[in-house]
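Engineer: One structure, pasted below without further comment.
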Amino acid sequence: MSLLRVEGLSKAYDGVRAVHDVTLDVQEGEVRALIGPNGAGKTTLVGMIAGRSFPDAGRIIFDGRDITRLPAHRRTRLGMAYTFQITSIFAGLAVTENVALAARPLLPRTEVRPAVRAALARAGLQEQADMRAGDLSYGHQRLLEIAMGLVQAPRLLILDEPTQGLSEGEIAEFKALVRDLAGQTTILLIEHNMDVVMALAGRVTVLSAGEVLMTGTPAEVRADPGVQAAYLGMP
Amino acid sequence: MDLGPYLLLAILEGAVMASVLALTAVGLSLVFGVMRVVNIAHGEFFMLGAVLAWYVTQMVGGPPSLGFGVALVVAPLIVGAIAVAADMTVLKRLDYDPERTIVATIGLLYIIQQLTLMGYGPEARPVEPPFNTRLALPWFEVRDGALALYWPWGLSTTSYKLAVIGAGIAVLLGVWAMMARSQMGLVMRAVQADRDMALAFGIPVERVYAMVFGLGAALAALAAVLIVPISQAHYLMGADPLLLAFTVVIIGGLGSLPGTVVAAILIGLSDGIISVFFSPTLAKILATLLVALVLVFRPQGLFGVRSA
Amino acid sequence: MSERARVLALHGGLLVLLLALHFVLPPYHHGNLARIMVLASYAAGYNIVFGYTGLLSLGHALFFAAGMYAMGLSVPHIGTGTALLAGVAAGGIGAILLGLLALRTRGVAFMIVTLMFAQAGYLTILYFGAWTRGDEGFVIARASRMLWGLDLSDAAHRYLAALALFALVLGACLWMVRAPFGRSLIAIRENEPRAAMLGYDTFRLKLAAMAASGAISGAAGAAYALLFGYAGASFASVEYSILPLLWVLLGGAGTVLGPFIGTLFMFYLIDLSSGVTSAYMLIAGIALVLLTLFAPRGLMGTVRARLWRWLP
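See below:
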């Protein structure tokens, strides 16, 4: 059954089409990757799904409910979590407090502490729990982002370029983390590292010039001449 | 007096007000437009201009026109220099952070105002106008089916007030020419459009900022020198021009010079007319509420175009 | 000691100290401290919006004056206790109404909108001079300054009442910053878009912060009128919006003790300088510039950064 459905979504900035007539169906439990060259409209599309901006036309349906005009904070409460492309944590606060802030809107008061501890353990950040988040290394800040997503136990976890700037070793840890989640949580992964996409995604949607170019398995996408052309910028 | 002559008088008073207000507000708008900071101490630069005009005319002596002429040049220069110093010692160190700059300029407001109180004192002092011929104005009436001119009692203005209107227009044209035609104006507009790009092209952005801040303050001081023969110099006189300049800049669209001038004329004229019919306090209440509501619902100003 | 015990010891210790000072201070400083505690309560209210939520309001005099006038004008008709509550309500409701409009803007626009509304409020008090007596203000009759059998025009009763108000406000702030509500305000201050994406309704939270802040400011204004027997338009002027900002900046924005420390220091600084010059606001101006330039964290903020990380 489809958890997230996007129908004919369009958005223009100052007359320039950023996203045009995009339709997308994400099934419950799948890991779906969203790829495309720079400027393909990935960020705009995900922004509309997460509620950071609103579309000019089209509908977004989450779990059978039309959320097109719902503000971001209400979507979170329906079970959607979003990790930022550019690390966006509460740099001045402790690591635990960052995760606790993510947990409080969704969990009863007594469950916050154990849930925070569990999320930190899962992201491998127990030892850093009392540090100031701004003092973490870049890789750990990205993991903190993911821990903040995990603690919300979302039905849909949107990861916006999660491996950007990570080292090889950190990427391997990240892959293990996502594999561990797969099956429990539906994941929408915006990613440009093709190795990560190939390793994790069940299906891949390719966006180009604001439109869906194709959707298929990683192997199908890799073999598609249209996709290659879009990436290499040749006809 | 009938309503007609009364209205003419109000419009003339309003035009004097609009002229001075436009200069003050253009100074504020220039600073906001180029530097993206709000200068709460702007009214105090206005006040300093008036107070310095009094000092200069006292020191120069001779015929009133001589002292006034010197004040017209010297007061804006001194105030401009003070503003440049404030920019380099305070604003620059805050890296022009908008919120911290507001707090710091509130501090500057009190420093300038209170130092003036200590040095100049709490008195209001007049400055003699350079010339002040009373000009009676005619009005018309319909007598026996034909138009006839007559000179109603009390309908008059002075040559000095007309000169203030003229001077305001001349200076505004000068500012416009500088912004549109000169090298300096080009540099300012470049910094306004994109600070980082200007830096990359080797424009000394910090020097431009200091200059703009000085110029904005000098315009306020010039406006004050022009008005001081009509309204006297007092250490608390900066509050009203600040409030009105804010009103003008916000209604005209933040940072837009043409919008600012249009709004100054509108508000200067309407303030003159409104205060003939309503209490000045009520007029001020309405003006402040208007500013607040415009900022909430039309942040681009009443005449501005919404940009992305 | 656990963190919780340390926090309670420090803040409780201050209250005990203030109570002890009641018995030993000479009359002049006794009177000053009563006034400082009321003004510090106002600053603590301001701190909720500025220090914890990160919203720089320049219009809090509106809420202080709303409390003062609601109390002062209604007390002859409805009695002291109810009039005090009317003052709290006036501050809170005023803040909600202003918040509904001003919170649609951010940053500099928010500052100017709050400044303008407060200025309109000040002018309105002058405009209705027939009732408010404008700049001159009015005295509140001694008969109206009796509360639960205490005569608040008496210096000792006044001090204890000021201490009670301050203790209440301090306790409320302490509770708030440790409760989820206060933590979510801090999250908004630190990173508002992120807080929204985590599921916080940031507009409603900011509005709630305004309401709490306005109600405390209103309570301080009402208490000021009640304890010192006077209400005047100068308390609605821009200066009374700037002063709490100055006190909080000096004491340390976003710390529970900061507002009191800042009010205490600035009060005595101005008090000392007023012997030398009538231009006492010069001190305030210099302090504002120096604080923004060199010590944006303020006294308690620096203590927290250098010494006591647990300081709430």
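Protein chains in written order, with the numbering used here: chain A, 3 to 237; chain B, 1094 to 1401; chain C, 16 to 327. Note that the Cβ used here is the ideal one computed from N, Cα and C, for glycine as well.
At the level of alpha carbons, what is the spacing between Leu260/C and Ser1122/B?
Structural biologist: Position 245 of the third sequence, counted from the first residue, corresponds to residue 260/C. Position 29 of the second sequence, counted from the first residue, corresponds to residue 1122/B. The alpha-carbon atoms of Leu260/C and Ser1122/B are separated by roughly 26 Å.
Engineer: In angstroms with no decimal places, state the Cα-to-Cα distance between Pro169/A and Gly141/A.
Structural biologist: Taking the first residue of the first sequence as position 1, residue 169/A is located at position 167. Taking the first residue of the first sequence as position 1, residue 141/A is located at position 139. A quick correction: the sequence has Ser, not Pro, at residue 169/A. Their backbone Cα atoms lie some 8 Å apart in a straight line.
Engineer: Would you call the stretch 179-188 of chain C and the stretch 39-49 of chain C in contact, with 3 or more CB pairs under 8 Å?
Structural biologist: As far as the Cβ criterion goes, the stretch 179-188 of chain C does not touch the stretch 39-49 of chain C, which means the pair count is below three.
Engineer: Are the C-beta atoms of Ile201/C and some chain A residue less than 9 Å apart?
Structural biologist: Residue numbering aside, residue 201/C sits at position 186 when the third sequence is read from its first letter. Ile201/C counts as touching chain A.
Engineer: Given a cut-off of 9 Å on the beta-carbon distance, is the pair Thr207/A and Ala20/A in contact?
Structural biologist: Translated into the one-based positions of the first sequence, residue 207/A becomes position 205. Translated into the one-based positions of the first sequence, residue 20/A becomes position 18. No, these two residues do not count as a Cβ contact at 9 Å.
Engineer: Please name the residue, chosen from Met296/C, Phe250/C and Ala310/C, that lies closest to Asp150/C on a Cα-to-Cα basis.
Structural biologist: On the third sequence, residue 150/C is found 135 positions in, with the first residue counted as 1. Considering only alpha carbons, the answer is Phe250/C.
Engineer: Give the interface partners of Pro311/C over in chain A, defined as CB-CB distance under 7 Å, in chain order.
Structural biologist: Taking the third sequence and counting its residues from 1, the one referred to as residue 311/C is at position 296. What Pro311/C touches in chain A: nothing, since even the nearest Cβ is about 13 Å away.
Engineer: Gly60/C versus chain B: which residues are under 8 Å apart at the beta carbon?
Structural biologist: Here residue 60/C refers to the residue found at position 45 when the third sequence is read from its first residue. Residues of chain B passing the Cβ test: none, with the nearest at roughly 19 Å.
Engineer: Using only the alpha-carbon positions, how far apart do Gln130/A and Pro311/C sit?
Structural biologist: Within the first sequence, numbered from 1, the residue matching residue 130/A stands at position 128. Within the third sequence, numbered from 1, the residue matching residue 311/C stands at position 296. Spanning the two alpha carbons is a distance of roughly 28 Å.
Engineer: Counting only beta-carbon separations shorter than 9 Å, does Met315/C have a partner in chain A?
Structural biologist: Position 300 of the third sequence, counted from the first residue, corresponds to residue 315/C. No - not a single Cβ of chain A is within 9 Å of the one on Met315/C.
Engineer: For Ala1197/B, which of Asp1180/B, Arg1218/B, Ala1283/B and Met1211/B has the nearest alpha-carbon?
Structural biologist: The residue you call residue 1197/B lines up with position 104 of the second sequence. The option with the nearest alpha carbon to Ala1197/B is Asp1180/B.
Engineer: Using a Cβ cut-off of 8 Å, which residues of the stretch 116-131 of chain C contact any Cβ in chain B, in chain order?
Structural biologist: The residues in question are Leu116, Ala117, Arg119, Thr120, Gly122, Val123, Ala124, Met126, Ile127, Val128 and Met131.
Engineer: Since Leu161/A sits in a beta bridge, which residues does DSSP pair it with?
Structural biologist: Taking the first residue of the first sequence as position 1, residue 161/A is located at position 159. Bridge partners of Leu161/A: Thr85/A and Leu191/A.
Engineer: Output, in sequence order along the chain, the residues in the stretch 42-73 of chain A whose CB is closer than 9 Å to any CB in chain C.
Structural biologist: Of all residues in the stretch 42-73 of chain A, Ala52, Gly53, Arg54 and Pro73 have a Cβ within less than 9 Å of some Cβ in chain C.
Engineer: Leaving out five residues before and five after Ile1205/B in sequence, what residues of the same chain have Cβ atoms less than 7 Å from its Cβ?
Structural biologist: Within the second sequence, numbered from 1, the residue matching residue 1205/B stands at position 112. For Ile1205/B, where only same-chain residues beyond five positions count, the Cβ hits under 7 Å are Ala1134, Glu1137 and Leu1141.
Engineer: Just the chain A side, please: which residues come within less than 9 Å of Pro208/C by C-beta, in chain order?
Structural biologist: In the third sequence, residue 208/C corresponds to position 193, counting from 1. Those are Arg54, Ala74, Phe86 and Ser90, listed as they occur along chain A.
Engineer: Mind checking which residues open and close the alpha helix (DSSP H) that includes Lys1185/B?
Structural biologist: The sequence position of residue 1185/B within the second sequence is 92, counting from 1. Unbroken run through Lys1185/B: none, as it is neither H nor E.
Engineer: Buried or exposed: Tyr1328/B, going by 16 or more other Cβ atoms within 10 Å of its Cβ?
Structural biologist: Numbered from 1 along the second sequence, position 235 holds the residue referred to as residue 1328/B. Classification of Tyr1328/B: buried, given that the 10 Å Cβ count is 16 or more.
Engineer: Could you check whether the Cβ of Thr217/C sits closer than 9 Å to any Cβ belonging to chain A?
Structural biologist: Here residue 217/C refers to the residue found at position 202 of the third sequence. Closer than 9 Å: yes.
Engineer: DSSP on Leu202/A, reduced to helix/strand/coil?
Structural biologist: Here residue 202/A refers to the residue found at position 200 of the first sequence. DSSP places Leu202/A in helix when its eight states are reduced to three.
Engineer: Does any residue of chain B bring its CB to less than 9 Å from the CB of Leu308/C?
Structural biologist: In the third sequence, counting from the first residue as 1, residue 308/C sits at position 293. Yes, its Cβ sits closer than 9 Å to a Cβ of chain B.
Engineer: What are the start and end residues of the beta strand (DSSP E) that includes Ala22/A?
Structural biologist: Here the question's residue 22/A lines up with position 20 in the first sequence. The sequence given here places His at residue 22/A; Ala does not occur at that position. Run containing His22/A: Val18 to Gln29, per the beta strand (DSSP E) assignment.
Engineer: In chain order, which beta strand (DSSP E) runs of at least 3 residues are fully inside the stretch 144-186 of chain C?
Structural biologist: Whole beta strand (DSSP E) segments, 3+ residues: zero.
Engineer: State the start and end residues of the unbroken alpha helix (DSSP H) segment that holds Arg124/A.
Structural biologist: Mapped onto the first sequence, residue 124/A falls at position 122. Unbroken alpha helix (DSSP H) run through Arg124/A: Val114 to Ala125.
Engineer: Rounding to the nearest angstrom, what Cα-Cα distance links Leu305/C and Val263/C in this structure?
Structural biologist: Taking the third sequence and counting its residues from 1, one reaches residue 305/C at position 290. Taking the third sequence and counting its residues from 1, one reaches residue 263/C at position 248. Leu305/C and Val263/C: Cα-Cα distance of roughly 14 Å.
Engineer: List the residues of chain C that Thr78/A touches, going by C-beta distances under 8 Å, in chain order.
Structural biologist: One-based indexing of the first sequence puts residue 78/A at position 76. Chain C residues near Thr78/A: Met212, Leu213 and Gly214.
Engineer: Hey, would you say Met1272/B sits closer than 9 Å to Ala1283/B, going by beta carbons?
Structural biologist: Numbered from its first residue, the second sequence carries residue 1272/B at position 179. Numbered from its first residue, the second sequence carries residue 1283/B at position 190. It is not a contact, given that the beta carbons lie outside the stated cut-off.
Engineer: Round the Cβ separation of Ser1252/B and Phe1233/B to the nearest angstrom and send it over; I've been treating them as touching at under 8 Å.
Structural biologist: If you number the second sequence from 1, residue 1252/B lands on position 159. If you number the second sequence from 1, residue 1233/B lands on position 140. So it is not a contact: roughly 23 Å between Cβ atoms.
Engineer: Scan the stretch 272-299 of chain C for residues whose Cβ lies nearer than 9 Å to a Cβ of chain B and list them as they occur along the chain.
Structural biologist: Flagged, chain order: Thr292, Ser293, Ala294, Tyr295, Met296, Leu297, Ile298 and Ala299.
Engineer: Verify whether the separation of the beta carbon atoms of Ala117/C and Val128/C is less than 9 Å.
Structural biologist: Taking the third sequence and counting its residues from 1, one reaches residue 117/C at position 102. Taking the third sequence and counting its residues from 1, one reaches residue 128/C at position 113. Yes, Cβ-Cβ distance for Ala117/C and Val128/C is below 9 Å.
Engineer: Using a C-beta to C-beta distance shorter than 9 Å, which residues of chain B count as neighbours of Tyr255/C?
Structural biologist: To locate residue 255/C, count along the third sequence from 1; it is residue 240. Ordered by position in chain B, no residue passes the 9 Å Cβ test against Tyr255/C, which lies about 13 Å from the chain.
Engineer: Check each candidate in Ala1256/B, Ala1313/B, Leu1308/B and Lys1185/B and name the one with the smallest Cα separation from Arg1227/B.
Structural biologist: The sequence position of residue 1227/B within the second sequence is 134, counting from 1. Nearest C-alpha to Arg1227/B: Ala1256/B.
Engineer: Where does Pro1098/B land, buried or exposed, given buried means 16+ other C-beta within 10 angstroms?
Structural biologist: By 1-based counting over the second sequence, the position of residue 1098/B is 5. Looking at its Cβ environment, which holds 16 or more other Cβ atoms inside 10 Å, Pro1098/B is buried.
Engineer: Where does Pro237/A sit, in a helix, a strand or coil, going by DSSP?
Structural biologist: The residue labelled residue 237/A in the question sits at position 235 within the first sequence. Per-residue confidence for Pro237/A stands at a pLDDT of 44, beneath the threshold of 50, marking its modelled position as unreliable; the derived number appears in the next sentence. Three-state result, Pro237/A: coil.
Engineer: Give me the Cα-Cα distance between Pro1322/B and Pro1219/B, rounded to the nearest whole angstrom.
Structural biologist: Indexing the second sequence from 1 puts residue 1322/B at position 229. Indexing the second sequence from 1 puts residue 1219/B at position 126. Those two C-alpha atoms are separated by around 6 Å.
Engineer: Give me the chain C residues within the contact set of Thr1374/B, using Cβ-Cβ distance strictly less than 8 Å, ordered along the chain.
Structural biologist: Residue 1374/B sits at position 281 when you count from the first residue of the second sequence. The contacting residues are Leu138, Leu141 and Tyr142.
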